[in-house]
Amino acid sequence: MSYRAVFIGLLLSAVSILWIHQASLVQAPGNVYAPVYLLAVPPVPAVFCLILLVALVPLSGRLLRRRFSNRELGVVYMLLVIAIPPTTFGIIQMLIPFVANPLYFQTAQDNLLEISEAMPKWFHPHDPDVVRQMYEGSDDGSVPWKPWLYPLTMWTVFMTLLFATGLCLVSLFRKQWVERERLRFPLLFIPMSIVEKEAPGSRTSFFRNPLVWIALALVTIHHAFNVMHAYNPAVMALGDRYPLGQVFTERPWTAYRGLSFFHRPQMIGLAYFVSLDVLFSGWLFHLLQPTIQLLADVFGLQADAGFPFVQQQGTGAYLAMMFMLFWLARGHISQVVRKAISGDPHIDDSDEFMPYRWALFGSVGGFAAIIIWTYLIGFSPKFSIPFFAMILGFGLVYARVRAETGVPSMWAYPFNQHGLTITNLIGTAPLVRGSNITDLVMMGSFTWISRGFFTSQMGYQIENEALAHEMKISSRALPAILIITFVFGCVIAYYLNMKSYYGLGALVLHGGGARGGYSISTALTSWNSFSSAMTAHTPPNSNMNLAVAGGAAVTVLLVVLRQFWMRSPLHPLGYVAILNHGYALWGPFFVTWVLKAAIHRLGGARLYRQLMPFFLGLAMADLLLAGISRIAMAILGPDIFAGYIVHFG
Numbered sequence: 072m073s074y075r076a077v078f079i080g081l082l083l084s085a086v087s088i089l090w091i092h093q094a095s096l097v098q099a100p101g102n103v104y105a106p107v108y109l110l111a112v113p114p115v116p117a118v119f120c121l122i123l124l125v126a127l128v129p130l131s132g133r134l135l136r137r138r139f140s141n142r143e144l145g146v147v148y149m150l151l152v153i154a155i156p157p158t159t160f161g162i163i164q165m166l167i168p169f170v171a172n173p174l175y176f177q178t179a180q181d182n183l184l185e186i187s188e189a190m191p192k193w194f195h196p197h198d199p200d201v202v203r204q205m206y207e208g209s210d211d212g213s214v215p216w217k218p219w220l221y222p223l224t225m226w227t228v229f230m231t232l233l234f235a236t237g238l239c240l241v242s243l244f245r246k247q248w249v250e251r252e253r254l255r256f257p258l259l260f261i262p263m264s265i266v267e268k269e270a271p272g273s274r275t276s277f278f279r280n281p282l283v284w285i286a287l288a289l290v291t292i293h294h295a296f297n298v299m300h301a302y303n304p305a306v307m308a309l310g311d312r313y314p315l316g317q318v319f320t321e322r323p324w325t326a327y328r329g330l331s332f333f334h335r336p337q338m339i340g341l342a343y344f345v346s347l348d349v350l351f352s353g354w355l356f357h358l359l360q361p362t363i364q365l366l367a368d369v370f371g372l373q374a375d376a377g378f379p380f381v382q383q384q385g386t387g388a389y390l391a392m393m394f395m396l397f398w399l400a401r402g403h404i405s406q407v408v409r410k411a412i413s414g415d416p417h418i419d420d421s422d423e424f425m426p427y428r429w430a431l432f433g434s435v436g437g438f439a440a441i442i443i444w445t446y447l448i449g450f451s452p453k454f455s456i457p458f459f460a461m462i463l464g465f466g467l468v469y470a471r472v473r474a475e476t477g478v479p480s481m482w483a484y485p486f487n488q489h490g491l492t493i494t495n496l497i498g499t500a501p502l503v504r505g506s507n508i509t510d511l512v513m514m515g516s517f518t519w520i521s522r523g524f525f526t527s528q529m530g531y532q533i534e535n536e537a538l539a540h541e542m543k544i545s546s547r548a549l550p551a552i553l554i555i556t557f558v559f560g561c562v563i564a565y566y567l568n569m570k571s572y573y574g575l576g577a578l579v580l581h582g583g584g585a586r587g588g589y590s591i592s593t594a595l596t597s598w599n600s601f602s603s604a605m606t607a608h609t610p611p612n613s614n615m616n617l618a619v620a621g622g623a624a625v626t627v628l629l630v631v632l633r634q635f636w637m638r639s640p641l642h643p644l645g646y647v648a649i650l651n652h653g654y655a656l657w658g659p660f661f662v663t664w665v666l667k668a669a670i671h672r673l674g675g676a677r678l679y680r681q682l683m684p685f686f687l688g689l690a691m692a693d694l695l696l697a698g699i700s701r702i703a704m705a706i707l708g709p710d711i712f713a714g715y716i717v718h719f720g
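And the structure:
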């Protein structure tokens with residue numbers, strides 16, 4: 072592996088992080104989260120930079136001693152997808168408000184000051200003036216780095232430990248998923264086609280295939296009209312969705328009011344590479360949820376608010392799938408354990424991303440280190456063990472969903488359900504022991520992880536391992552380089568975010584007001600609920616617990632059904648994926664299911680392969696045009712940002 076590729080990857084990562092920082096935090100005109108239905112996966116700057124490098128390959132041969140190789144370009148892409156996410160509101164922009172909000176927003180009417188005082192000293196600076204300047208802006212725009220140095224260093228160590236543990240965990244399953252089950256990893260078709268310049272299903276160069284250019288033209292028209300509509304609302308455009316709920320205005324059909332039909336080109340393009348049974352299961356199980364609500368209304372059942380508890384069903388599905396993944400891979404896992412412990416010479420791990428011993432002991436030892444770390448700051452193991460087991464376990468299931476379905480979403484997991492699952496089961500009273508509120512504060516302090524990108528980072532980790540296998544990038548230094556890249560992304564993100572916070576005031580960024588933008592207001596809402604729980608305990612929620620159990624039971628049933636009936640049209644991953652962020656996924660799944668079924672019926676496998684470049688072109692063009700659109704809008708003026716959101720990831 073070339074260290075030139077590592078240098079270029081880190082350099083482009085810094086530029087990409089700056090790009091995203093400006094787009095998502097500084098120039099955001101309002102609550103950006105509201106119109107963002109899917110953050111781009113892979114990140115727009117990663118694809119944009121990769122295409123730029125491919126275009127510069129001939130020039131690199133003249134300026135440098137040798138041209139960029141495909142493997143070097145692959146390494147650059149691997150670093151970009153790891154370094155970019157930390158700067159977004161999925162990690163750093165969520166972490167800082169979560170630990171600093173209680174001190175700044177505390178009043179005599181709440182318990183936020185008590186919560187802030189119960190936090191460990193290294194969580195955040197405890198000088199009220201330092202925190203106030205972050206939210207309101209300092210007089211000269213300078214950052215008081217000294218009081219922040221220790222907290223940011225400690226959080227970086229903790230996040231790196233969590234990242235490395237996840238990397239070791241997915242490494243345990245690489246051979247099982249990549250070589251034995253031969254999962255498709257649809258998202259990898261994008262960088263591999265760009266780098267290797269050959270479209271799947273075609274012997275023609277990717278960029279010379281006319282179907283790719285037809286797809287590019289269609290997506291260009293789509294984005295052009297969307298940008299023009301943002302600039303001038305009189306221009307008609309497709310936008311990103313069509314609300315179907317406006318059709319259902321009378322009971323009992325009001326159960327379908329929340330339906331919207333999303334039509335993002337990337338989603339449709341990638342769904343083409345997903346099996347028909349996953350696509351069918353996805354849209355079917357999503358439409359089944361409002362149908363259950365409709366039937367309850369028809370039969371006069373008094374359903375509680377939130378019925379049929381889709382998020383809790385999704386949590387149960389993820390919990391069941393977490394255990395099923397280990398069970399289905401038990402033969403491979405037993406070999407990993409035997410090689411790691413006894414060094415069995417008959418088991419070869421020489422071509423693995425990391426030796427089995429590193430992967431196994433890194434997973435177990437990393438998880439133990441997380442529990443010990445949190446125990447030392449007051450988080451009881453009876454709460455921290457299930458909480459972080461769900462963080463890592465859900466990440467593993469999410470990685471499987473990405474590997475098999477290619478769902479380009481950072482949110483296709485039980486969003487913010489890790490802590491809620493525990494409190495729904497036992498209530499909030501056990502978190503408060505007399506006057507000791509440490510467990511409650513710790514649960515609240517780590518809530519940002521359950522609603523951030525740490526779970527979805529494991530999708531990039533397994534994809535990077537699969538990409539290294541496909542491109543024959545063999546280097547045992549890669550795991551360490553990815554960990555260093557993650558730290559690098561965090562450090563750059565710290566610098567840019569803190570400069571903006573103290574220079575402009577965190578409250579006004581991200582389109583904020585008195586309660587701040589998305590990240591700050593989200594953290595404040597979360598802390599207010601924990602503050603209320605200190606005096607008014609929430610009892611266990613039996614309905615939500617039943618929904619969790621139901622989701623788990625359906626998942627196990629679908630897995631067992633598939634083991635005995637291989638041609639079953641119902642796929643467990645379709646159910647698992649669609650329960651989490653399904654409102655944006657079911658439409659593309661349905662459209663692609665209809666198209667694929669027609670293609671298979673009319674032209675069979677041959678026509679299916681011939682059309683692969685077109686659908687891959689849709690996905691690639693959507694990401695490329697998102698970057699170009701963002702540049703065009705920057706030229707046209709900042710006011711346009713309020714009308715058209717580019718999905719950066």
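The numbering of the sequence shown is my numbering, which starts it at 72 and goes up by one.
We put the beta carbon where it would ideally sit given N, CA and C, even for glycine.
Bear in mind that the values here come from a model prediction, so they are computed numbers and not experimental data.
Please return the same chain residues whose Cβ sits closer than 7 Å to the Cβ of residue i, not counting the five positions on each side in sequence.
{"i": "V249", "result": "A537 and H540"}
{"i": "V103", "result": "Summary for V103: the model assigns pLDDT 40, below 50, so the residue's position carries little reliability; its value from the coordinates is reported in the next sentence. The residues are S95, H581, G582, Y589 and I716."}
{"i": "V579", "result": "none"}
{"i": "D198", "result": "P218"}
State the start and end residues of the unbroken alpha helix (DSSP H) segment that holds residue i.
{"i": "S187", "result": "L183 to A189"}
{"i": "S331", "result": "From DSSP, S331 is part of no alpha helix (DSSP H) but of the beta strand (DSSP E) over S331 to F333."}
{"i": "L254", "result": "Counting along the chain, L254 falls outside any alpha helix (DSSP H), and DSSP gives it neither H nor E."}
{"i": "H540", "result": "F525 to E541"}
{"i": "D52", "result": "Here the chain covers residues 72 to 720 and nothing more, so residue 52 does not appear."}
{"i": "S434", "result": "Y427 to L447"}
{"i": "G237", "result": "W216 to S242"}
{"i": "Y469", "result": "P452 to T476"}
{"i": "P173", "result": "I163 to F176"}
{"i": "F378", "result": "It is not in any alpha helix (DSSP H) - F378 carries neither H nor E in the DSSP assignment."}
{"i": "S613", "result": "S613 to F635"}
{"i": "D200", "result": "P199 to E207"}
Tell me which residue opens and which closes the beta strand (DSSP E) that residue i is part of.
{"i": "R312", "result": "R312 to P314"}
Look at residue i and residue j and say whether their C-beta atoms are less than 8 Å apart.
{"i": "A699", "j": "L682", "result": "The question names Ala, but residue 699 in the sequence shown is Ile. No, Cβ-Cβ distance for I699 and L682 is not below 8 Å."}
{"i": "W519", "j": "N172", "result": "no"}
{"i": "L144", "j": "L130", "result": "no"}
{"i": "A548", "j": "M205", "result": "no"}
{"i": "I265", "j": "L127", "result": "no"}
{"i": "G587", "j": "G212", "result": "no"}
{"i": "F524", "j": "T227", "result": "no"}
{"i": "G645", "j": "G385", "result": "no"}
{"i": "A111", "j": "S87", "result": "no"}
{"i": "R245", "j": "F424", "result": "yes"}
{"i": "Q383", "j": "G653", "result": "no"}
{"i": "G658", "j": "F351", "result": "no"}
{"i": "I261", "j": "P113", "result": "yes"}
{"i": "Y389", "j": "F465", "result": "yes"}
{"i": "G490", "j": "P610", "result": "no"}
{"i": "V472", "j": "A483", "result": "yes"}
{"i": "L347", "j": "W664", "result": "yes"}
What are the residues that DSSP puts in a beta bridge with residue i?
{"i": "G587", "result": "G584"}
{"i": "R504", "result": "N507"}
Taking 6 Å as the limit between beta carbons, can you name the residues of its chain near residue i, skipping five residues before and five after?
{"i": "L403", "result": "As written in the sequence, residue 403 is His, which differs from the Leu given in the question. So the list reads Q247, once near-sequence residues are dropped."}
{"i": "A430", "result": "C239, S242 and L243"}
{"i": "F557", "result": "I153 and F234"}
{"i": "P157", "result": "I163, G560, C561 and A564"}
{"i": "R633", "result": "S639"}
{"i": "M392", "result": "V468, T626 and V647"}
{"i": "P168", "result": "S590, I591 and A594"}
{"i": "F296", "result": "A308"}
Using a Cβ-Cβ cut-off of 8 Å, state whether residue i counts as contacting chain D.
{"i": "S434", "result": "The structure shown contains no chain D, having only a single protein chain."}
So, at 8 Å on beta carbons, what are the nonlocal neighbours of residue i in its own chain, with the 5 sequence-adjacent residues on each side left out?
{"i": "L174", "result": "L183, L184, S187, H195, H197, P199 and V202"}
{"i": "H69", "result": "Any answer about residue 69 is impossible in this case: the structure gives the chain only from 72 up to 720."}
- Query: Is there contact here, the region 498 to 518 with the region 181 to 198, by at least three beta-carbon pairs under 8 Å?
  - Reply: yes
- Message: Check whether the region 216 to 235 and the region 436 to 445 are in contact - that is, three or more C-beta pairs closer than 8 Å.
- Response: yes
- Within the chosen definition, does the region 588 to 598 reach the region 613 to 633 through at least 3 CB pairs nearer than 8 Å? no
- Message: Would you call the region 376 to 383 in contact with the region 674 to 688, where contact means no fewer than 3 C-beta pairs closer than 8 Å?
- Response: no
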